[in-house]
Structures are given as C-alpha cells and as structure tokens.
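Residue numbers (the numbering used here), protein chains in the order written: chain W, 5 to 314; chain V, 5 to 314.
Here's the structure, in structure tokens; my notes come after.
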DNA sequence: TCAAGTATTAATGTCGCAAAAGATACGTCA
DNA sequence: TGACGTATCTTTTGCGACATTAATACTTGA
C-alpha cells in the first residue's frame, strides 16, 4: 500500500496553478521559456518548490523540459486557459471533493466530527484533517466549539443564491466606483481573450463548469482592482466559495452567452474609464443573473406546458 | 511558569464568554441559577466543558458555587456587562496579543516565518502555532505559500480606517433593508441598556476600549439580524477584526457620546419597524465616524487656532 | 422529574522523532 | 551576466504514542 506521506502534493499543485496563472498573465506563448528565477520571484517562494511544481506540470504535459535545460510552455494560452487548470483541479484534494459532493447532495449533515468522517470514508485521520483544512480555507466549513465542524451555507439552494447576489449587489458596484479602482490591463486583456474564445466556439456544448470558472475569474478581477482591501477580501472569499460550492448546471445556454457579453461590455466601459457606467452595468448584470433563477426552477414544467398548448 | 497546555484554556475561555453572553441574553440577574444542562444546550457542547468554563468563571469571581450544588451569578448584568468580559479577554492568548501589539507598532514586518517568531519570543513552537491560529481566526494573519505568514491590513492607519468605513457603508444599510431583517429584541434591549448605562456614568473618563466593545457589539447585532448569511458573515468578520486591531484612542469624548446616541436612535427606528429610516441613519452615523478622522488628526492645531481668534 | 455528580468511553490535542520541503550558496555552461 | 544544476543546511510537516478533554450513560439527591 505504501502509505507514506499521502498528502504531499497539495502545495505543489497550488504552485503549479499559480505558475500557469503567472505565465498567462505575462502573455507567454507556446514554446516560451519559463525561467525558474522569474517564477520564484513572482510566486514568492524559492526555486526548489518551483522546480517540483514544474515537474508536476511536465507530467501533466503542460510544460516541456528540453535537453539543453529549462522548462518551456507546451501549449498555447487558449489550450491551457481553462483546460489545463481544471485538469489540475481534478486530481486535487480528492477527499475534500468527496466530502463536498456528499454534503451538496445532503448525504451528510451540516455538523460533523473528524472521527465520524474518518469512519465514513475509511481514510487516515490526517487525511480528513487535511481535507477540512482545505475546505476551511475556502470558507466551506468552520470549527465550532467542542469537536464539531459545521458546514457553512452552500451556494446550492435558491435562497442562498439570492442572498449571494444581493451581497454582491451591495459590494461589486461599490468596488468599481471606489476611488482607488485600478485594473491590471494585462489580466483584463487575457480574461477578455478567454471570454471571447469561449463565445466563439459555441458548438452548442457550453460547459457550465468552464463558464463558472470564467465568471468567477471576471468578478475576482473586479474585486482585486478595487482599491479597498476589505471589499476586495470579502469579494474574493465569496468568489472562492462560489467556485467550490456552486453546482448549478441549469443555466440556459443563451444566458451564459449574454452573461459573458455583459462582462465584455463592462470591461469596455472600464477601459474607457467610465466607472459609473460600468457600475450600473454591473448592477444590471447581477440583477439579470438573479431573475434567471425562477425561470430555471420552472424549467421542468413550463416547456411541457407550452408544448401542450402549442 | 506552569506552561502546560497553553491552548487548553482557549476553549474554556471562549466558552466562558459565551456563557456570560447567554446569561445576559436571557435577562438573568445576580443570584440567578445557571443550570448546566441549559447552558450546554445553548452553547452546543456537552456538560463537561461547561463545567470547566464555570470553574473558570468561579475563579474570576463572576459566578459563585453554592454548597447545595450548582453555580449562580455573582454580579448584576451591569457589572458583568463589559467589565467581566474584558477581564477574561485580558488573560487570553497573551502571545497572540504580544505579537499583535508588536505588529501594530511596526516592530515586526508583515511577513514572518514561524521559526522567526519562535526565536523572537523564545517560546515553544507550539505556542507560536497556537497564537497564529488564534490570529488567523480573526483574519489578522494568513498563511502564504512557502513558509511565510503574512499580516493582513490592520485597522490602524487612516487609509485602512477609511476603507473599512466605506466597506461598512456598502453593507450595513443593505443589511438593515434586507427583506429578512429580524432583530432579537432580547439582545437589542440588553445592548440598549448597556449603552444607556455607559452614557449615564459620564464622569469625564469614557474608556475608549469599552466604547469599542459596545460599538462592535451594536454593529455585530445589526449584522446578525440581517437575513442575509453572507452579509452577516462578512460584517461579523469585519467587526472581529476591528475589535482585535483597531487601537484608535483619539476619539474625542463628545463623539463617543454622539455615536452612542446615534446607535440608540437607530434602535428606536428599528423597533418602530422603520427600516429605511434606520438605514439612512446608519449611513449618516458611518459618515460621521468617517469625517471625525480628519478632525481628530487636526485636533492639536484647530483648537489653538480658534483660541487665538477668540 | 429535573439537575448535579460520577464513571466510562470516544475523540482530540500534544510531544518527539524522522522525513520532506524550502531557502541558500556555489559551481557550471551558454 | 543570467540561468540551470547540485549540494547543504534550516525549517516545516507527517506520524505515532500518550496525555487530556468531551460526550454519554448512569447514579444520586431534592
């Protein structure tokens, strides 16, 4: 079984994602060189972990190691964009993912003890602790007094979604109109490109998961650009929560497209320095997402009813 | 030095505070009986830790143990209100407090490794880890990749304060006007009483610390009453941060009074179910706190100038 | 019958050791 | 000079044994 150090790769995975992020931000392309030193500075760690992460990326075929030394990007940004990152995501924290999906489907209650989880999943105690640590970073679980861990509200009920949108309605326009608002145009450009790509290849099969990633990335960018550290922190935490727990795959295709186009419009306004306009557009954008819900809930009924009437 | 189990008392201290909170919420008075079972249900833990916490409270003279069995409140709510709680606070997490004050005075930089702290304070490694854990719950520090811990922005610079107020301006009125807003009238009544007491004994020496506690308690109550779990969570976390890191003792006396009176006005409006009015008053209240700052900064100059003109 | 006391069992925190990860320094090659 | 490769030292983390704490069941007393 060779159960030595089960939880070893976590950090490297994180770092690997960060490396991809940095590479994309700097507008690198297929075949470009990835200098270890640069990455180590950008990520704020020494070269040693960078090398491990690069090895990991190599085994995932995202970077290539050349004979003469050094690592090189093996794919174009478009190919990596979402695909590569989500490929890495999948292998990460499998226990955390299992726990989360069991929670999402209400197979486990909202208060759990570590040992109960150990028994349920039949894994070593440390694995559970780690999974809980991962989940608590994203704010999915929290430690209660005594020995109970409680799941926080997940973004998987209509009510929670409504509250989430109302929360964001209060903060996101504020973030945009804040005096210190300043958007990184590199990042904005990259994101714009990814969204346009996504819109272009509309062969009917728009992936909800990819959309969610893009959506969160966009709103996170807005958050980061706000000059207000508290607004930024709260919004980023919320987007992390969305990314982890929002499992709504019932968004109609046209709304995905519309939503991305609204993102692009907002980016346009921001580039023209029309912050107030952008904030108003954001309000509109969030409100539209809000009213989509009731439609989605009725989707199983209304079309049938219409069919019967036709 | 008796340095056994530094973290042992943490939980009990928390529980002790919670017990006081519960007792006050239930409108108990001096001499009232504190049944273990009731408390254990209210706090969501078994009777065993409740007993430890009660022992702790007994050693702090807040509760009394009678011969015939059982614990009883030893003071009136007024006496306990802030005094008792802050007395407990003081003995808590001393290392965390030291680290925090060193940080507040910029004696240590914003990125630290655990070992650096172990060396600096000459305490066992576990103590540092514990302190960091405490601080990270309040959002004061966060773990970076690699082995670095970074301090989050503290509420001790004019900029940070301004951003904090602007953050709260976005959320608190929203919390009040949220459709699910519902305030616990017990808690509101207790808080009102405490604020009135505080105003009444105005022997010139208004304690800034006590004021901060009251202020945070009021705004936390607003947060809790909001029907929106995300708004509530973000605001509560922010109030915790204020309580831990806001060390501004330069608030002029008249502003403290004015501030508390504004709190009372808001509570009045809320009791009359005039939520919109309360929200507007909250905006005004926060804005007033905001403009106080420049005055406070100039306090050394303006009065002199006026004097000269008079 | 309810609350406090007591005992038992299950779960968690703590400590030391060994192993892995990270930082740093130096050597080498273009 | 800049970047990679290698080596070494420091710091951190994982893990198991053991101490401590919490939950639970049961007993006792008003």
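Just so you know, even glycine gets a beta-carbon here, dropped at the ideal spot from N, CA and C.
The alpha helix (DSSP H) enclosing residue i, as first and last residue numbers
i, result
"residue 131 of chain V", "129-141"
"residue 163 of chain V", "162-181"
"residue 158 of chain W", "Residue 158 of chain W -> no alpha helix (DSSP H), and no H or E assigned at all."
"residue 53 of chain V", "51-63"
"residue 251 of chain V", "Unbroken run through residue 251 of chain V: none, as it is neither H nor E."
"residue 258 of chain V", "257-275"
"residue 205 of chain W", "That residue, residue 205 of chain W, is in no alpha helix (DSSP H); it is neither H nor E in DSSP."
"residue 222 of chain V", "212-229"
"residue 44 of chain W", "40-47"
Unbroken beta strand (DSSP E) run spanning residue i, endpoints
i, result
"residue 69 of chain W", "67-69"
"residue 76 of chain V", "75-77"
"residue 147 of chain W", "145-147"
"residue 154 of chain W", "153-155"
CA nearest to the CA of residue i, picked from the options
i, options, result
"residue 194 of chain V", "V/77, V/25, V/274, V/159", "V/25"
"residue 40 of chain V", "V/231, V/176, V/53", "V/53"
"residue 151 of chain W", "V/278, V/47, V/136", "V/47"
"residue 187 of chain W", "W/123, W/229, W/251", "W/229"
"residue 80 of chain W", "W/28, W/123, W/227", "W/28"
"residue 164 of chain V", "W/184, W/165, W/160, W/120", "W/184"
"residue 158 of chain W", "V/32, V/102, V/233", "V/233"
"residue 166 of chain V", "V/127, V/250, V/103, V/126", "V/250"
Same chain only: Cβ atoms within 7 Å of residue i, ignoring 5 sequence neighbours per side
i, result
"residue 10 of chain V", "For residue 10 of chain V, the pLDDT reaches just 48, beneath the cut-off of 50, and the residue's location in the model is therefore unreliable, although a value from the coordinates is still provided. 131, 134, listed in sequence order."
"residue 267 of chain W", "199, 222"
"residue 100 of chain W", "135, 138, 139"
"residue 307 of chain W", "For residue 307 of chain W, the pLDDT reaches just 39, beneath the cut-off of 50, and the residue's location in the model is therefore unreliable, although a value from the coordinates is still provided. Counting only Cβ-Cβ distances below 7 Å, and skipping sequence neighbours, we find nothing."
"residue 169 of chain V", "290, 293, 294"
"residue 145 of chain V", "136, 139, 153, 154, 155, 156"
"residue 20 of chain V", "57, 60, 61, 92"
"residue 317 of chain W", "This structure cannot settle anything about residue 317 of chain W, because the visible part of chain W is limited to 5 through 314."
"residue 32 of chain V", "77"
"residue 231 of chain V", "182, 183, 184, 185, 186"
Own chain, CB closer than 6 Å to residue i, minus 5 neighbours either side, in chain order
i, result
"residue 106 of chain V", "112"
"residue 244 of chain W", "142"
"residue 16 of chain V", "56, 57, 60"
"residue 51 of chain W", "40, 44"
"residue 220 of chain W", "243, 246, 247"
"residue 148 of chain V", "154"
"residue 75 of chain V", "38, 58, 67, 69"
"residue 301 of chain V", "With a pLDDT of 44 at residue 301 of chain V, under the threshold of 50, the modelled position of this residue cannot be trusted; read the value that follows with caution. Taken in chain order, the list of residues that qualify is empty."
"residue 175 of chain W", "235, 239"
"residue 22 of chain V", "47"
"residue 18 of chain W", "none"
"residue 205 of chain V", "none"
"residue 115 of chain V", "152, 154"
Contacting residues, own chain, Cβ-Cβ under 8 Å from residue i (five flanking each side not counted)
i, result
"residue 177 of chain V", "283, 284, 286, 287"
"residue 215 of chain W", "202, 255, 260, 263, 264"
"residue 311 of chain V", "Low confidence applies to residue 311 of chain V: its pLDDT is 37, below 50, so where it sits in the model is not reliable enough to give any reading."
"residue 118 of chain W", "129, 132, 133, 136, 151, 153"
"residue 172 of chain V", "223, 239, 242, 290"
"residue 6 of chain W", "In this prediction, residue 6 of chain W has a pLDDT of 36, which is less than 50 and means its spatial position is unreliable; what the coordinates show is noted afterwards. So no residue of the chain qualifies."
"residue 280 of chain W", "181"
"residue 196 of chain V", "268, 271"
Residue i Cβ short of 7 Å to the ligand ATP heavy atom set
i, result
"residue 247 of chain W", "Among the components of this structure there are no ligands whatsoever, and the ligand ATP is therefore not found."
Practice problem: Decide yes or no for the touch test of the region 99-113 of chain V against the region 66-79 of chain V: beta carbon pairs closer than 8 Å, at least 3 of them. | Solution: No, because fewer than three Cβ pairs between the region 99-113 of chain V and the region 66-79 of chain V fall closer than 8 Å, the two stretches do not touch.
- Task: Answer yes if the region 259-277 of chain V comes into contact with the region 184-200 of chain V, meaning at least three C-beta pairs across the two stretches below 8 Å, and no otherwise.
- Result: A contact exists between the region 184-200 of chain V and the region 259-277 of chain V.
- Item | Start-end ranges of the alpha helix (DSSP H) lying completely within the region 105-129 of chain V, minimum 4 residues | You should have 118-125.
Review point. Is the region 68-80 of chain V touching the region 25-39 of chain V in the sense that three or more CB pairs, one from each, lie closer than 8 Å?
Key: Contact between the region 25-39 of chain V and the region 68-80 of chain V is present, because at least three Cβ pairs lie under 8 Å.
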